[in-house]
Amino acid sequence: MKAISLGFKAFDLHELTCHFVAKHAGLYRARGLDVSLLDTRFVRDDELPESIFSAACGSAVMRWLRGEKLKVVFVATDKPMFWLYSHVNAGSLEKLRGQRIAAYPTAAPPAQFLRIVLADAGVNPDSDVHIDPVRDDATRIELLRCGDAVAALLSSATLPQRLEELGFLRLLCLGDRIRLPTTGLAVSVAMYDSDPETVSAMRNSFVAALRLIHTDESIVREALREAGLIDDCDLDQACALVRSFYTADGLVKAADIIPGVRRLATSMGLPAPADVGALYECISR
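Residues 50 to 334 in the working numbering are what the sequence shown lists, from first letter to last.
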């Protein structure tokens with residue numbers, strides 16, 4: 050068995066459903082892989098070994114834009130699974146002017162996505178609102194609940210239904226406003242070139258997992274339950290949510306994602322790429 054490390058930035062449905070389905074269904078084992086998770090949230094990107102795979106494709110595109118040599122070989126979703134909620138009926142982003150938003154640390158992809166969405170709505174993220182960099186959903190929800198923030202950006206670690214049961218109001222889903230791959234399978238170009246068999250085995254495991262996600266809810270339910278990602282009472286909603294966001298085949302169309310990648314580059318103060326083919330190996334033809 051080939052030992053593989055799969056890095057993640059968020060222990061949630063968004064990043065890890067394919068992994069846990071592949072593990073539960075024996076898809077890794079069938080391809081001679083022994084895959085273990087590695088929490089890379091507190092590890093500098095330049096300190097990660099070249100052999101590591103990553104589920105964090107939002108981070109991968111930011112690293113690529115900064116000049117790192119990476120390949121995204123599989124896309125689980127090209128619609129960011131993050132939601133902006135409020136404790137008042139703001140109605141629109143414009144009504145958040147002068148208010149506090151509990152969001153993500155600046156270096157995290159969803160923080161950049163939020164900045165882009167605010168700017169598109171005519172709200173300057175640097176002067177019209179105050180964005181608090183908050184590390185986890187639990188703290189963001191508490192800031193929203195106690196009124197220290199008017200809005201909060203939340204992840205798939207907290208299902209939308211649960212937030213609405215708490216009385217919070219959905220303002221928008223980032224995936225409805227910006228489109229680019231945020232999770233899937235990324236790897237260094239060095240690994241891509243030196244060990245194509247392992248890269249192919251990992252990609253094929255994820256493709257097979259994706260097929261099960263769309264066709265066999267019982268396996269997905271058991272995989273998520275076994276992983277402890279979701280409470281048993283939320284499994285139906287979790288399965289439906291993942292299927293509604295995940296791609297059909299792990300591929301994306303360049304025309305669909307180039308605008309989002311260019312907008313991200315501009316937000317980061319970097320040159321906008323003319324093409325994304327150097328990063329995304331999983332472009333559909």
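Think of the CB as a built atom: it goes at the ideal place given N, C-alpha and C, for glycine as much as any other residue.
Keep in mind that this is a model prediction, so the values were computed, not measured.
8 Å Cβ cutoff met for M50 and Q161: As a working note, residue 50 is residue 1 in the sequence shown. As a working note, residue 161 is residue 112 in the sequence shown. Going by C-beta atoms, M50 is not nearer than 8 Å to Q161.
I'd like the ranges of any alpha helix (DSSP H) spanning at least 4 consecutive residues and lying wholly in the region 168-230. Every alpha helix (DSSP H) of 4 residues or more that sits fully in the region 168-230 is shown, in chain order, as 186-194, 209-214.
Pull up the DSSP beta-bridge partners for D88, would you. Working through the sequence shown from its first residue, we reach residue 88 at position 39. In the DSSP output, where bridge partners are listed per residue, D88 has F57.
Determine the direct distance from the alpha carbon of R311 to that of D305, and round the result to whole angstroms. Taking the first residue of the sequence shown as 1, we reach residue 305 at position 256. Taking the first residue of the sequence shown as 1, we reach residue 311 at position 262. Those two C-alpha atoms are separated by around 11 Å.
What is the residue span of the beta strand (DSSP E) that Y134 lies within? Counting from one through the sequence shown, the residue named residue 134 turns up at place 85. It spans 132-135 - the beta strand (DSSP E) in which Y134 sits, taken as one unbroken run.
Are there 16 or more other CB atoms within 10 angstroms of the CB of E64, so buried, or fewer, so exposed? Within the sequence shown, numbered from 1, the residue matching residue 64 stands at position 15. Result: buried.
Just list the residues that DSSP pairs G107 with in beta bridges. Translated into positions along the sequence shown, residue 107 becomes position 58. In DSSP, G107 forms no bridge with anything.
Buried or exposed, going by whether 16 or more other CB atoms sit within 10 Å of the CB of T315? Within the sequence shown, residue 315 is the residue found at index 266, counting from 1. The residue is exposed, with fewer than 16 neighbouring Cβ atoms inside 10 Å.
Can you have a look at S141 and say buried or exposed, based on whether 16 or more other CB atoms are within 10 angstroms of its CB? To locate residue 141, count along the sequence shown from 1; it is residue 92. So S141 counts as exposed.
Is the beta carbon of A201 sitting closer than 8 Å to the one on Y153? As a working mapping, residue 201 is identified with position 152 in the sequence shown. As a working mapping, residue 153 is identified with position 104 in the sequence shown. In this structure, Y153 does not lie closer than 8 Å to A201 by Cβ.
Using a Cβ-Cβ cut-off of 8 Å (strictly less than) and excluding sequence neighbours within five positions of D281, which residues of its own chain qualify? Taking the first residue of the sequence shown as 1, we reach residue 281 at position 232. For D281, where only same-chain residues beyond five positions count, the Cβ hits under 8 Å are R274.
Taking Cβ positions, are S85 and M240 nearer each other than 8 Å? The residue labelled residue 85 in the question sits at position 36 within the sequence shown. The residue labelled residue 240 in the question sits at position 191 within the sequence shown. Contact flag unset, no.
Classify D197: buried if its beta carbon has 16 or more other beta carbons within 10 angstroms, exposed otherwise. The sequence position of residue 197 within the sequence shown is 148, counting from 1. With fewer than 16 other Cβ atoms within 10 Å, it is exposed.
Report yes or no: do the region 87-98 and the region 53-60 share at least 3 C-beta pairs separated by less than 8 Å? They touch, by the three-pair rule.
Alpha carbons only, please: which of L163, G81, A303 is nearest the one belonging to S254? By one-based count along the sequence shown, residue 254 stands at place 205. Checking every option, the nearest Cα to that of S254 belongs to G81.
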